[in-house]
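Visitor: Got a structure for you, questions after.
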């Protein structure tokens, strides 16, 4: 008669206070939902667009063209000994991933408000899916980068094996910042207007149009406080073999990125219980 | 205790109206609050929501000290007026929001349907949406794959399964949505009002499916305004009122207590406190009454006599064109008719502030026998904006006597039908051949 034996543990639903655990186990249980939400985001993003997934390439590619023209040709900004177009594009690929991830993640909870109000699932899934869905765009833009390397005759070094780690660092940074922004955006919709502004400022605070080698030590290490510095210079080192091998600067970036992620996750979990009421 | 599926202990939920949620305050929040709230207030004042701006820190208890135990396999209905806390209770039990005080204990896998089609995306096809929606409701991919054909067949959308959802009719959309939900396989199922969708035939299919679920030994919590469905499906009913558990017992007892609450009659309801009345800044509902010709308030109406339904409301802002309307449902939940104000004196004319009474007369010999539930609403016209709608505001019984002058005539058995109009009958007679010959011969003899 009974569907379950009597020793089912009871789930207790009560008020929680202050900081709560991340419940990563719960997140793991819902991994299929994570997959479906990311898949939905990818599928829907380029429906009803004429150029479709080409947008994933257009964005960084045209930035590269503009940068090469103004910073490379006119301002003659140094580019660590590689052709300027490939120098900037190598940075723009992870940067575009980061900027889009921030944008998607910060709006993710609000645009899935209906889900939040009507269904239970670990809320972390939503910004996580938004960030992960950007990987497809990243891969497309990365293929163009490989093409450019062939064109310019830049052959990758053995450093290439470290590239996945820098991609992970980009993911961690995006997710860390994305968690903060998405949770704050639920309560204060001001953040919707802040994000484009923030990414614009951040773009120039990151060595995309210029090399970080312009900065002398110890400033260069301090520069690593912007975790995207570590990502961008890591990409260049791994792919183009520039002299920006991971050092103190990268370590600072890694630490900051981890701090952002862990802090963001706890902050998110703390704010989570009010999402359904105020979204 | 192993056979308890759900236990509520002093479950309470407080909401800050127009304000924030946290019972605690931190420096950051206080700081942010003092920075943001002047702007928020200014914006609200500019939009004419002065009332809200003032009541920024007002709180209400959506749920208050609710205690009860629900055994495994019980099918429990939850009823109450709008704002009684029904949805809040389901939201807490499905872990969407946290209680402010007290706790709930749940044993078993919960499936909750506070809405059908949550997360449906118009750009995706029916097939893709089934997988997405299933995952959102907590189904595993393998499970969805296994039930896929069954879901499609239940929804009757086989031909359109690879068409994007935006090309679906609203009926197909709802059928697909319910089909996914109906194939959830939880030990505890919570349903909020989802049966108020689709055509009558599909509603019946959904109700039957619910009944199946109940008979499989699953625990079901069912929130609805559909009293007949509640009585049919649920053995036990809980009545909530202003967040408190008012009554808990056998279905028919609690339902009739609910329908008789207030004045000891279902035929009149009043909202003496304007702050709690349905409505907004433009107009507020004050009362709904059912009267017979002699202007008696009554909840029993002779099928042959006309009956007046009146709505008393207060207009708080002049200059709007208003359209009061009534919606009438029978005990099967069938929408019998909808009546919008046609009074030539006030049609298309703005109404000034003050108290108004709009009355509609339902002629005799129209309604069928049984209970009629009346919902009352008010809309401003041009643009159409809902000011309020109160479902099941009043109810009355239509009785058909055996006097012989109603549509029943001399028939005393069960009569179905949604309406029972008194129609004109005509009879023509053509004699059969044999009799005609006999008659003819009679005539000749004469």
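Protein chains in written order, with this note's numbering: chain A, 1 to 279; chain B, 280 to 725.
Ideal placement from N, C-alpha and C gives every residue a C-beta, glycine not left out.
For clarity, every value in this text was computed on a predicted model and none was experimentally measured.
Quick one: does residue 113 (chain A) have its CB under 7 Å from some CB of chain B?
Guide: The residue you call residue 113 (chain A) lines up with position 113 of the first chain. Not an interface residue.
Visitor: Check the Cβ-Cβ distances between residue 36 (chain A) and every residue of chain B, and say whether any is below 7 Å.
Guide: The residue given as residue 36 (chain A) occupies position 36 in the first chain. Chain B, which has a Cβ nearer than 7 Å to the Cβ of residue 36 (chain A), makes this yes.
Visitor: What would DSSP say about residue 20 (chain A), mapped onto helix, strand or coil?
Guide: Taking the first chain and counting its residues from 1, the one referred to as residue 20 (chain A) is at position 20. In the structure shown, residue 20 (chain A) sits in coil (DSSP, three-state: anything other than H, G, I, E or B).
Visitor: Beta carbons nearer than 7 Å to chain A: which residues of the stretch 442-475 of chain B have them?
Guide: Correct list: 466.
Visitor: Mind checking residue 695 (chain B): buried by the 16 CB within 10 Å criterion, or exposed?
Guide: Reading the second chain from its first residue, position 416 is the one you call residue 695 (chain B). Exposed is the call here.
Visitor: Going by alpha carbons, who is nearest to residue 143 (chain A) out of A:89, A:262, A:256 and A:260?
Guide: For this step, residue 143 (chain A) is matched to residue 143 along the first chain. Selected option, being the one with the closest Cα: A:89.
Visitor: Which runs of the beta strand (DSSP E), 3 residues or longer, sit entirely within the stretch 521-594 of chain B?
Guide: Counting whole runs of 3 or more residues, the stretch 521-594 of chain B contains the beta strand (DSSP E) stretches 523-529, 547-549, 562-571, 579-581 and 586-594.
Visitor: Given this structure, state the Cα-to-Cα distance separating residue 109 (chain A) from residue 584 (chain B), to the nearest angstrom.
Guide: Against the first chain, residue 109 (chain A) aligns to sequence position 109. Against the second chain, residue 584 (chain B) aligns to sequence position 305. Taking the straight line from one Cα to the other gives about 56 Å.
Visitor: In chain A, which residues lie less than 7 Å from residue 637 (chain B) when you measure between Cβ atoms?
Guide: Locating residue 637 (chain B) in the second chain gives position 358, counting from the first residue. Within 7 Å Cβ-Cβ: nothing; residue 637 (chain B) doesn't reach chain A, min ~34 Å.
Visitor: Does residue 264 (chain A) have its Cβ less than 7 Å from a Cβ in chain B?
Guide: Counting from one through the first chain, the residue named residue 264 (chain A) turns up at place 264. Output row for residue 264 (chain A): interface = no.
Visitor: Give the straight-line distance between the Cα atoms of residue 278 (chain A) and residue 183 (chain A), rounded to the nearest whole angstrom.
Guide: In the first chain, the residue the question calls residue 278 (chain A) occupies position 278. In the first chain, the residue the question calls residue 183 (chain A) occupies position 183. If you take the alpha carbons of residue 278 (chain A) and residue 183 (chain A), they lie about 11 Å apart.
Visitor: So what's residue 513 (chain B) in DSSP terms, helix, strand or just coil?
Guide: Residue numbering aside, residue 513 (chain B) sits at position 234 when the second chain is read from its first letter. Looking at residue 513 (chain B) - three-state DSSP - the assignment turns out to be coil, as it is neither helix nor strand.
Visitor: Mind pulling the chain A residues with CB within less than 7 Å of residue 374 (chain B)?
Guide: For the purposes of this step, residue 374 (chain B) is taken as the residue at position 95 of the second chain. In chain order: 13 and 120.
Visitor: Please decide whether residue 420 (chain B) counts as near chain A, where near means a Cβ-Cβ distance under 7 Å.
Guide: Position 141 of the second chain, counted from the start, is the residue given in the question as residue 420 (chain B). Interface residue, yes.
Visitor: Three-state secondary structure (DSSP) at residue 625 (chain B)?
Guide: If you number the second chain from 1, residue 625 (chain B) lands on position 346. Coil at residue 625 (chain B), not helix or strand.
Visitor: Report the residue ranges of all alpha helix (DSSP H) runs contained in full by the stretch 423-493 of chain B; include only those spanning at least 4 residues, in chain order.
Guide: Counting only runs of 4 or more, we get 449-461.
Visitor: Buried or exposed: which applies to residue 188 (chain A), given that a residue is buried once 16 or more other Cβ atoms fall within 10 Å of its Cβ?
Guide: Start at 1 with the first residue of the first chain, and residue 188 (chain A) comes out as number 188. Exposed, since its Cβ has fewer than 16 Cβ neighbours within 10 Å.
Visitor: Looking at chain B, is there any beta carbon in it that lies within less than 7 Å of the beta carbon of residue 273 (chain A)?
Guide: Here residue 273 (chain A) refers to the residue found at position 273 of the first chain. Cβ-Cβ to chain B under 7 Å: yes for residue 273 (chain A).
Visitor: Any chance the stretch 106-123 of chain A sits against the stretch 43-59 of chain A, with 3 or more Cβ pairs inside 8 Å?
Guide: The stretch 106-123 of chain A, when compared against the stretch 43-59 of chain A, does not touch it at the 8 Å Cβ threshold.
Visitor: Run down chain B in chain order and give the residues with a C-beta less than 7 Å from the C-beta of residue 367 (chain A).
Guide: With chain A covering 1 to 279 only, the question about residue 367 (chain A) has no answer from this structure.
Visitor: Using C-beta distances below 8 Å, list every residue in its chain close to residue 51 (chain A), excluding the 5 sequence neighbours before and after it, in chain order.
Guide: Taking the first residue of the first chain as position 1, residue 51 (chain A) is located at position 51. Same-chain partners within the cutoff: 58.
Visitor: Do residue 512 (chain B) and residue 378 (chain B) count as a contact pair if the criterion is CB distance below 7 Å?
Guide: Locating residue 378 (chain B) in the second chain gives position 99, counting from the first residue. Locating residue 512 (chain B) in the second chain gives position 233, counting from the first residue. For residue 378 (chain B) and residue 512 (chain B), no; Cβs fall outside 7 Å.
Visitor: Is there a Cβ of chain A sitting closer than 7 Å to that of residue 306 (chain B), yes or no?
Guide: The residue labelled residue 306 (chain B) in the question sits at position 27 within the second chain. Because the pLDDT at residue 306 (chain B) is just 48, under 50, the model does not fix this residue reliably, and the point stays unresolved.
Visitor: To which residues of the same chain is residue 244 (chain A) closer than 6 Å at the C-beta, ignoring the five residues directly before and after it?
Guide: Here residue 244 (chain A) refers to the residue found at position 244 when the first chain is read from its first residue. Only 233, 236 and 237 meet the Cβ criterion.
Visitor: Please state the DSSP three-state secondary structure of residue 500 (chain B).
Guide: The residue given as residue 500 (chain B) occupies position 221 in the second chain. Strand at residue 500 (chain B).
Visitor: Would residue 431 (chain B) and residue 422 (chain B) be called neighbours here (beta carbons separated by less than 7 Å)?
Guide: By 1-based counting over the second chain, the position of residue 431 (chain B) is 152. By 1-based counting over the second chain, the position of residue 422 (chain B) is 143. Taking 7 Å as the Cβ cut-off, residue 431 (chain B) and residue 422 (chain B) do not qualify as a contacting pair.
Visitor: Below 7 Å between beta carbons: does that hold for residue 638 (chain B) and residue 581 (chain B)?
Guide: What you label residue 638 (chain B) is simply residue 359 of the second chain in a count that begins at 1. What you label residue 581 (chain B) is simply residue 302 of the second chain in a count that begins at 1. No, Cβ-Cβ distance for residue 638 (chain B) and residue 581 (chain B) is not below 7 Å.
Visitor: If we cut at 7 Å on Cβ distances, does residue 565 (chain B) have a partner in chain A?
Guide: Taking the first residue of the second chain as position 1, residue 565 (chain B) is located at position 286. Taking Cβ atoms only, chain A never reaches closer than 7 Å to residue 565 (chain B), which makes this a no.
Visitor: Determine which residues of the stretch 244-255 of chain A have a Cβ less than 8 Å from any Cβ of chain B, and write them out in chain order.
Guide: Those residues of the stretch 244-255 of chain A that come within reach of chain B (Cβ to Cβ, closer than 8 Å) do not exist; the list is empty.
Visitor: Can you tell me which of the three DSSP states residue 330 (chain B) falls into?
Guide: The residue you call residue 330 (chain B) lines up with position 51 of the second chain. Because the pLDDT of residue 330 (chain B) is 41, which lies under 50, any placement of that residue in the model is unreliable, and the number read from its coordinates should be weighed accordingly. Note: residue 330 (chain B) maps to helix in three-state DSSP.
Visitor: Is the Cβ-Cβ distance between residue 493 (chain B) and residue 354 (chain B) less than 7 Å?
Guide: Locating residue 493 (chain B) in the second chain gives position 214, where the first residue counts as 1. Locating residue 354 (chain B) in the second chain gives position 75, where the first residue counts as 1. Yes, these two residues count as a Cβ contact at 7 Å.
Visitor: Just the Cα atoms here: how many angstroms apart are residue 218 (chain A) and residue 70 (chain A)?
Guide: On the first chain, position 218 is the one that residue 218 (chain A) refers to. On the first chain, position 70 is the one that residue 70 (chain A) refers to. Taking the straight line joining both Cα atoms gives about 29 Å.
Visitor: Could you say if the stretch 366-374 of chain B and the stretch 386-402 of chain B meet the contact criterion of at least three C-beta pairs nearer than 8 Å?
Guide: In short, these stretches touch, since the Cβ pair count reaches three.
Visitor: List, in chain order, every chain A residue whose beta-carbon is nearer than 8 Å to that of residue 357 (chain B).
Guide: Translated into the one-based positions of the second chain, residue 357 (chain B) becomes position 78. Correct list: empty, because the minimum Cβ distance to chain A is about 17 Å.
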